[in-house]
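Participant: Okay, so the sequence shown: first residue is 238 according to the numbering used here, each after it adds one.
From the three backbone atoms N, C-alpha and C, an ideal C-beta is built for every residue, glycine too.
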Amino acid sequence: MRQSETGPQPRLASVANPLRFRHPVRKDGQAVHDLIDSCEALDDNSLYCNFLQCTHFAGTCMLAEMNGEVVGWVSAYRPPEEPETLFVWQVAVAEAARGRRLARRLIAKLLASDSCTGVERLKTTITPDNASSWRMFEGVADEFDATISDKVWLCGEEHFSGDHDSEHMLTIGPIDAGDASATDLDEMPEHTTAKAA
Ligand SMILES: CC(C)(COP(=O)(O)OP(=O)(O)OC[C@H]1O[C@@H](n2cnc3c(N)ncnc32)[C@H](O)[C@@H]1OP(=O)(O)O)[C@@H](O)C(=O)NCCC(=O)NCCS
């Protein structure tokens, strides 16, 4: 059937794949744990740790869900000694949802949330071989016209006895968290919900 016979068609993606961003709640812990578990590049943490992130640190974590399934996750916190820094702990995007700038959008949504008021820089650690992660954080720096610097923070030999690659500390700044909502990453359909109780 031609479109002219039926009128404008709804955008399939917005009907079938509504993307929803929200802070996590306690019951998300298991789904978050499973998503992280599915990402080979990520170190596992205990399920208990993920429940803590979904409760005590919920304000500085953000998830994306599609059709009720958690497809994206960013965990972060503001270090007590350095509250103007948002330290991004882990970012995980389900394999099927990668390459659509979902990770970048999760970070932008998080920075735009009330709990990031006053954040001036973003820090994270990355291993040298994680090309998509480096590219993704370079993209975040570009979005904010910020500079990016890195130095070894945990050395493979010295801190991991050679059992783990070195972790480089990236610093991205200056960032005006208030500008996060103005980024141009909102081209995908989505629904935003209020933080659930
Ligand atoms: C890293 C990760 C979060 C990125 O998620 P994403 O939603 O696909 O990220 P984005 O689309 O915002 O950005 C990915 C960028 O990396 C690029 N990229 C993807 N794979 C790449 C590769 N193998 N080599 C180089 N660049 C790559 C993409 O082209 C994109 O850059 P562009 O937008 O300039 O084209 C996702 O791949 C993931 O969950 N990986 C496993 C867990 C992990 O490594 N987390 C990060 C460390 S905490």
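1) Candidates Gln290, Pro316, Leu348: which alpha carbon is nearest Ala268's?
2) Distance, Cα to Cα, Val389 vs Ser398?
3) In the DSSP assignment, find the beta strand (DSSP E) that holds Glu395 and state where it starts and stops.
4) Comparing the CB of Gly399 with every heavy atom of ligand 1, is any distance shorter than 7 Å?
5) Per the DSSP calculation, Lys360 is bridged to which residue(s)?
6) Following a CB-centred definition, is Leu359 positioned closer than 7 Å to any heavy atom of ligand 1?
7) Enumerate, from N- to C-terminal direction, the unbroken beta strand (DSSP E) stretches of 3 or more residues contained entirely within the stretch 288-344.
8) What is the DSSP secondary structure of Ala414, counted as helix, strand or coil?
9) Excluding five sequence neighbours on each side, which residues of the same chain lie with their C-beta closer than 7 Å to the C-beta of Cys286?
10) Can you list, in chain order, the residues of its chain with a C-beta nearer than 7 Å to that of Ala313? Leave out the 5 residues immediately preceding and following it.
11) Hey, Ile273 and Ala329 are a contact pair by Cβ (cut 8 Å); roughly how many whole angstroms apart?
12) Would you list the one or two residues that DSSP bridges to Thr384?
13) Considering only residues of the same chain and omitting the five flanking positions on each side of Asp281, which have a CB-CB separation below 7 Å?
14) Cys298: beta carbon under 7 Å from a heavy atom of ligand 1?
15) Suppose you measure from the CA of Arg358 to the CA of Gly393; what does that come to, to the nearest Å?
16) Since Leu256 is in the beta strand (DSSP E), which residue starts that stretch and which ends it?
17) Quick check: does the Cβ of Cys276 come within less than 7 Å of any heavy atom belonging to ligand 1?
18) On a CA-only basis, which of Arg338, Ser283, Arg259 is nearest Glu302? Give me that one, please.
19) Taking the C-alpha atoms as reference points, what is the distance between Pro365 and Glu404?
20) In whole angstroms, what separates the C-alpha of Ala345 from that of Glu375?
Facilitator: Let me lay it out:
1) Of Gln290, Pro316, Leu348, the residue nearest in Cα terms is Gln290.
2) Cα to Cα, Val389 sits roughly 15 Å from Ser398.
3) Residue range 393-397 is occupied by the alpha helix (DSSP H) that includes Glu395, with no beta strand (DSSP E) assigned at that position.
4) For ligand 1, no non-hydrogen atom lies closer than 7 Å to the CB of Gly399.
5) Paired residues: Phe324, Thr408.
6) Within 7 Å of the C-beta of Leu359 there is not a single heavy atom belonging to ligand 1.
7) Correct list: 299-303, 306-314, 322-330.
8) Assignment of Ala414 by DSSP, reduced to helix, strand and coil, places it in the helix class.
9) Closer than 7 Å at the Cβ level, and outside the excluded window around Cys286, lies no residue.
10) Around Ala313: Thr297, Cys298, Leu323, Phe324, Val325, Trp326, Leu347.
11) With 8 Å as the limit, Ile273 and Ala329 qualify as a contact, their Cβ atoms being about 5 Å apart.
12) By DSSP's assignment, Thr384 forms a beta bridge with Gly410.
13) So the qualifying residues of the chain are Ile273, Asp274.
14) At a threshold of 7 Å, Cys298 does not count as near ligand 1, since its beta carbon sits no closer than that to any of the ligand's heavy atoms.
15) Taking C-alpha positions only, Arg358 is separated from Gly393 by approximately 26 Å.
16) Leu256 -> beta strand (DSSP E) spans 256-259.
17) The answer is yes for Cys276.
18) Nearest of Arg338, Ser283, Arg259 to Glu302, Cα basis: Arg259.
19) Looking at the two C-alpha atoms, the distance is approximately 7 Å.
20) So the alpha carbons of these two residues sit roughly 13 Å apart.
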